[in-house]
Amino acid sequence: METEAVHAGREDLPGLGLHAPPLDLSTTYPSYDSRGEAARIDAFAADGAEPDGPPVYARLGNPTVARFETALARLEGTGSAVAFASGMAALTAVLLVRSAAGLRHVVAVRPLYGCSDHLLGAGLLGTEVTWVDPSGIADAIRPDTGLVVVESPANPTLAELDLRAVARECGEVPLLADNTFATPVLQRPVESGARIVLHSATKYLGGHGDVLGGVVACDEATARDLRRVRFATGGVLHPLAGYLLLRGLATLPVRVRAASATAAELARRLTADPRVRQVLYPRLGGAMVAFEVAGDPHEVIAAVRLITPAVSLGSVDTLIQHPASISHRIVAEGDRRSSGVSEQLLRMSVGLEDVDDLWRDLDQALDAGPGGRTGGGTAAGSYDTYAAP
Ligand SMILES: *Cc1c(COP(=O)(O)O)cnc(C)c1O
Numbered sequence: 165m166e167t168e169a170v171h172a173g174r175e176d177l178p179g180l181g182l183h184a185p186p187l188d189l190s191t192t193y194p195s196y197d198s199r200g201e202a203a204r205i206d207a208f209a210a211d212g213a214e215p216d217g218p219p220v221y222a223r224l225g226n227p228t229v230a231r232f233e234t235a236l237a238r239l240e241g242t243g244s245a246v247a248f249a250s251g252m253a254a255l256t257a258v259l260l261v262r263s264a265a266g267l268r269h270v271v272a273v274r275p276l277y278g279c280s281d282h283l284l285g286a287g288l289l290g291t292e293v294t295w296v297d298p299s300g301i302a303d304a305i306r307p308d309t310g311l312v313v314v315e316s317p318a319n320p321t322l323a324e325l326d327l328r329a330v331a332r333e334c335g336e337v338p339l340l341a342d343n344t345f346a347t348p349v350l351q352r353p354v355e356s357g358a359r360i361v362l363h364s365a366t367k368y369l370g371g372h373g374d375v376l377g378g379v380v381a382c383d384e385a386t387a388r389d390l391r392r393v394r395f396a397t398g399g400v401l402h403p404l405a406g407y408l409l410l411r412g413l414a415t416l417p418v419r420v421r422a423a424s425a426t427a428a429e430l431a432r433r434l435t436a437d438p439r440v441r442q443v444l445y446p447r448l449g450g451a452m453v454a455f456e457v458a459g460d461p462h463e464v465i466a467a468v469r470l471i472t473p474a475v476s477l478g479s480v481d482t483l484i485q486h487p488a489s490i491s492h493r494i495v496a497e498g499d500r501r502s503s504g505v506s507e508q509l510l511r512m513s514v515g516l517e518d519v520d521d522l523w524r525d526l527d528q529a530l531d532a533g534p535g536g537r538t539g540g541g542t543a544a545g546s547y548d549t550y551a552a553p
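In this note's numbering, the protein residues as written are 165 to 553.
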């Protein structure tokens, strides 16, 4: 894994006389052979295979993005990967591919990331969803079921599923596992029977909070369908984002392992703390910790100083947010609660800071507000709240 992370997608560089991967920002590519271009476009339209030879147009494919796709497929252990402008664009493309095949029904297990829940629940793409417990998947499958969607560990409760058992329940229907939280460093869902692995690359793959992207790791047949949808709908990953994501992959294993060790220690300290009602930390490990506070969670958010109060996750610095207010706000309150997203729940993405510095900040933040030892955090909404320590 460590070796693939720094070499996959870059094997040809020494032969090109390069060390860093080239960043190709071209939107179009000159060609004096328009007969040849016609043949290449026909070939792509027919089966979605990546065109041979030089690129044609940036919506059809980009060499820098292709390097990231090659590397991610290698890390996830799949034949191919297809990158998109964001995690949501990636999920959209998968849903469109299945709908276009006449399979508009989706079976899904809550909780999912709030916007994934919303995209499925609101039927914005003309799909219909049946929400089930993991044991109810097989019974919910219909002749027009095109996809089963799960997350494990799930956003934001870190609930874990037995992916192997889930894949068995799916039968012939492809299982999509959102692997954003675990990353291929901790779990490779295809080894448990998932056919489609989704990432919000915005999170751990990028790893520095400065790039939005999504990627689907899958077999080449599915990748061809996804490329055709990407070409026709335009949700492409920008080449600079592809460059940054490839760079992010190089340090993915060390980042995830280091942040996971810190997260496990913080989970241990939070579990022993009377100001905390419950700590949710996956058996699999990982750098995400969720916990329910006894006091007011909004006061904790307002009181952090080293930790950044912000949605998203997977960055080198530690972030904390209140899922019921932000990441899962768009999910109806009843659905939120029944899937374990309580008003007391906070979700923390642990970064690479020193564990004692993080604990000192958490400790003082947990004291904030009426229920804490010191009382009264800074007024939420003022810029002071977000001042650097
Ligand atoms: C953030 C997230 C998404 C959506 O990804 P974007 O890159 O924000 O579009 C999907 N799934 C999970 C688990 C996420 O955390």
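The beta-carbon is built from N, C-alpha and C at its ideal position, and this holds for glycine as well. A quick note: this is a predicted structure, and the numbers were derived from the prediction, not measured.
Residue i in three-state terms, based on DSSP
i, result
"residue 452", "strand"
"residue 271", "strand"
"residue 200", "helix"
"residue 310", "strand"
"residue 191", "coil"
"residue 441", "strand"
"residue 457", "strand"
"residue 170", "helix"
"residue 403", "helix"
"residue 555", "With the chain running from 165 to 553 in the structure shown, residue 555 is simply not present."
"residue 291", "coil"
"residue 549", "For residue 549, the predicted model reports a pLDDT of 28, less than 50, meaning its position is unreliable; a value from the coordinates is still stated below. Three-state DSSP puts residue 549 in a helix."
"residue 175", "coil"
Buried versus exposed call for residue i [16 or more other C-beta atoms within 10 Å across all chains shown]
i, result
"residue 489", "exposed"
"residue 565", "Examination of residue 565 is not possible in this model, given that the chain is present from 165 through 553 alone."
"residue 240", "buried"
"residue 173", "buried"
"residue 446", "buried"
"residue 463", "buried"
"residue 377", "buried"
"residue 461", "buried"
"residue 120", "The structure shown has nothing for residue 120, since the chain only spans 165 to 553."
"residue 307", "exposed"
"residue 150", "This structure leaves residue 150 out entirely; the chain is present only between 165 and 553."
"residue 505", "buried"
"residue 407", "buried"
"residue 288", "exposed"
"residue 247", "buried"
"residue 181", "exposed"
"residue 326", "exposed"
"residue 363", "buried"
"residue 191", "exposed"
"residue 309", "buried"
"residue 165", "exposed"
"residue 312", "buried"
"residue 387", "buried"
"residue 316", "buried"
"residue 438", "exposed"
When the options are compared against residue i, the one with the closest alpha-carbon
i, options, result
"residue 187", "240, 264, 177", "177"
"residue 497", "214, 281, 518", "281"
"residue 359", "342, 350, 370", "342"
"residue 321", "503, 394, 244, 529", "503"
"residue 510", "450, 519, 444", "444"
"residue 405", "230, 199, 192, 207", "230"
"residue 410", "393, 399, 388, 368", "368"
"residue 112", "520, 324, 266", "Not covered by the structure: residue 112. The range shown for the chain is 165 to 553."
"residue 297", "314, 339, 309, 288", "314"
"residue 251", "530, 436, 528, 345", "345"
"residue 374", "242, 514, 476, 221", "476"
"residue 391", "295, 222, 268, 310", "222"
"residue 218", "434, 448, 198", "198"
"residue 381", "484, 347, 403, 372", "347"
"residue 361", "279, 268, 254, 423", "254"
"residue 480", "416, 453, 436", "416"
"residue 451", "483, 474, 470, 436", "483"
"residue 370", "413, 400, 244", "413"
Q: Let me know the alpha helix (DSSP H) ranges lying completely inside the segment 215-264, each 4 residues or longer, listed in chain order.
A: The segment 215-264 contains these whole alpha helix (DSSP H) runs: 227-240, 251-264.
**Q.** Complete beta strand (DSSP E) runs within the segment 474-516 (minimum length 3 residues, chain order)
**A.** Fully enclosed beta strand (DSSP E) runs of 3 or longer: 483-485, 509-513.
**Q.** Ordered list of alpha helix (DSSP H) runs contained in the segment 312-400, each at least 4 residues
**A.** List check, alpha helix (DSSP H) in window: 327-334, 347-350, 384-397.
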